[in-house]
Amino acid sequence: MKEIKIYTKTGDGGETGLWGGTRVGKDNARIHAYGTVDECNAILGVARTFGAPAEFDARLERLQNILFIVGADLATPSDATTAIDRISPADTALLESWIDDYEAELPKLKQFILPGGKELAAYLHLARTVCRRAERWVVELAGQENINPDALTFLNRLSDFLFVAARMANHQSGVNDIPWDNPRLKNK
């Protein structure tokens, strides 16, 4: 395997290279999209430091690896000749199966809940919000050029999974969801 050099100096002028060799500004929607996916991945790494049960942690680790595929997919223009793995409907189906597994164990939601609870859950909620931002950047990118539509579907489902996973993290720790208590209703 080829060694990866940490610094190349090729981005010092505000541009970066995409898979396939094209150079774009670091403020390009494509860079925002995969950079935000990377940010979500990093938050998952932080979340994992709070000691999730083995099966739960294995899912989070698998997600981190899949997010590298999402990032590569978004970093590679659809017309690039570089052969890479791309996100597929099977990746989204995996998330849906995990959501179904967790929802079968969780109390049914009857109202909005606040992000929080145990540290693991709080970081999963944070990852969810960053995932939603990545999704917004992918929508912006898709309005500018062709992308793999499965990447957008996957990110949408990932934010759903992260919400359910945050609830599961609290549930497994014996912490109840924090119900939203509308302060405007208390003043009436």
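Add 1 to a position in the sequence shown, counting from 1, and you land on the number used in our numbering.
Ideal Cβ placement from N, Cα and C applies to all residues, glycine included.
What three-state label does DSSP hand residue i in the structure shown?
i	result
Asp13	Bear in mind that the predicted position of Asp13 carries a pLDDT of just 49, short of 50, making it unreliable; the figure below should be weighed with that in mind. In this structure, Asp13 counts as coil in the three-state DSSP scheme.
Lys119	coil
Leu159	helix
Phe164	helix
Ala84	coil
Pro150	helix
Pro90	helix
Met2	coil
Lys187	helix
Ala53	coil
My assumption, with CB atoms under 8 Å, is that residue i sits in contact with residue j. Please give the rounded CB distance.
i	j	result
Trp274	Thr37	Because residue 274 is not part of the residues shown, which for the chain are 2 to 189, the question remains open.
Arg60	Asp74	Actually they do not touch by this definition, with Cβ atoms about 20 Å apart.
Arg158	Glu97	6 Å
Phe155	Ile100	That belief does not hold up - the Cβ atoms of Phe155 and Ile100 are roughly 13 Å apart, past 8 Å.
Ala55	Leu121	No, Ala55 and Leu121 are not in contact; Cβ-Cβ is about 13 Å, not under 8 Å.
His172	Glu106	7 Å
Cys41	Ala152	Incorrect: roughly 13 Å between the Cβ atoms, too far for contact.
Where residue i and residue j are concerned, what is the direct C-alpha to C-alpha distance, given to the nearest angstrom?
i	j	result
Gly118	Val176	7 Å
Ile148	Lys187	47 Å
Ala123	Lys111	20 Å
Ala34	Arg129	15 Å
Gly12	Ile32	Model confidence at Gly12 stands at a pLDDT of 49, short of 50, so the residue's coordinates are unreliable; what they give is reported in the following sentence. Approximately 12 Å, taken between the alpha carbons.
Thr93	Val71	11 Å
Val140	Pro184	34 Å
Leu127	Leu115	12 Å
Ile44	Asp80	31 Å
Ala143	Thr77	13 Å
Ile85	Thr23	15 Å
Ala48	Phe57	11 Å
Leu95	Ala30	27 Å
Going by DSSP, name the residue or residues bridged to residue i.
i	result
Pro180	Ile114
Quiz item: So, do the stretch 66-85 and the stretch 175-186 have three or more beta carbon pairs nearer to each other than 8 Å?
Solution: no
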